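When you read off a place in the sequence shown, starting at 1, and then add 609, the result is the number in the working numbering.
Even glycine gets a Cβ: it sits at the ideal position worked out from N, Cα and C.
Since this is a predicted model, take the numbers as computed values, not measurements.
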Amino acid sequence: MGTAHANFTVNGRLHRLCVDPGEILLDTLRHRLGLTDVKWGCREGACGACTVLIDGRATPSCLRLTATLSGAHILTAGGLIAEPLAQDIAAALENKHAFQCGFCAPGILVELFALFSRAPQPSADQLEQALSGHVCRCGGYPLMMEALLKLNAP
Ligand code: FES
Ligand code: FES
């Protein structure tokens with residue numbers, strides 16, 4: 610099948626990789642780079658667990674081929690947590706005990722970081738839309754909304 614080259618940054622570190630053309634970014638991040646904060650769920654773009662920022666856009670990493678990402682800047686939840694905005698979002702969710710098992714948390718944090726970065730005071734509709742791409746099997750949505758609307762309050 611051959612190999613392809615991909616050079617990109619992940620959490621600020623440059624990586625030069627030789628990959629199978631069919632390798633998905635989720636596998637690259639978890640298996641090659643050891644970034645287990647990127648969660649492995651449905652592998653078909655439906656659960657949001659594997660969401661990362663690619664050039665500022667929240668994207669399920671299972672839907673992107675690593676070989677197509679040369680030049681990209683990728684951030685995972687673990688890389689984002691140094692950002693004050695990510696810390697504020699995480700603290701608001703933690704204070705409400707919005708997560709139980711926490712499996713969905715990294716993908717949701719990435720999604721919310723992208724939302725609050727472009728809309729510092731998102732509406733309930735915008736928050737619901739952002740969360741709609743993420744499956745939380747523990748049913749934490751009402752507490753998440755409560756926490757995020759409070760974060761939104763002036
Ligand atoms: S594992 Fe990527 S969206 Fe579910
Ligand atoms: S807290 Fe368990 S899946 Fe969301």
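Would you list the one or two residues that DSSP bridges to residue i?
i, result
"N616", "R625"
"I663", "R666, I683"
"I633", "L674"
Using CA atoms only, rank isn't needed, just tell me which of the options is closest to residue i.
i, options, result
"Q759", "T677, L678, A699", "Reading off the sequence shown, one finds Lys at residue 759, where the question assumed Gln. Out of T677, L678, A699, A699 has the C-alpha closest to the C-alpha of K759."
"G716", "Q735, W649, L678, A676", "W649"
"N704", "L674, E755, T675, A676", "E755"
"R625", "H614, G631, M753", "H614"
"T612", "P693, V619, P630, T637", "P630"
"A701", "P729, L752, A728", "L752"
"I663", "C627, A686, F712", "A686"
"Q730", "R746, R641, L718, L757", "L757"
"V628", "V619, N620, R641", "R641"
Would the beta-carbon of residue i fall within 8 angstroms of that of residue j?
i, j, result
"G665", "A723", "yes"
"Q709", "G749", "yes"
"E737", "A667", "no"
Put residue i into one of helix, strand or coil per three-state DSSP.
i, result
"E737", "helix"
"F725", "helix"
"R639", "helix"
"P715", "helix"
"I698", "helix"
"K759", "helix"
"E703", "helix"
* Asked: With distances taken from each beta carbon to the nearest heavy atom of ligand 2, which residues come in below 6 angstroms, in chain order?
  -> F708, Q709, C710, G711, F712, C713, C745, R746, C747, G749
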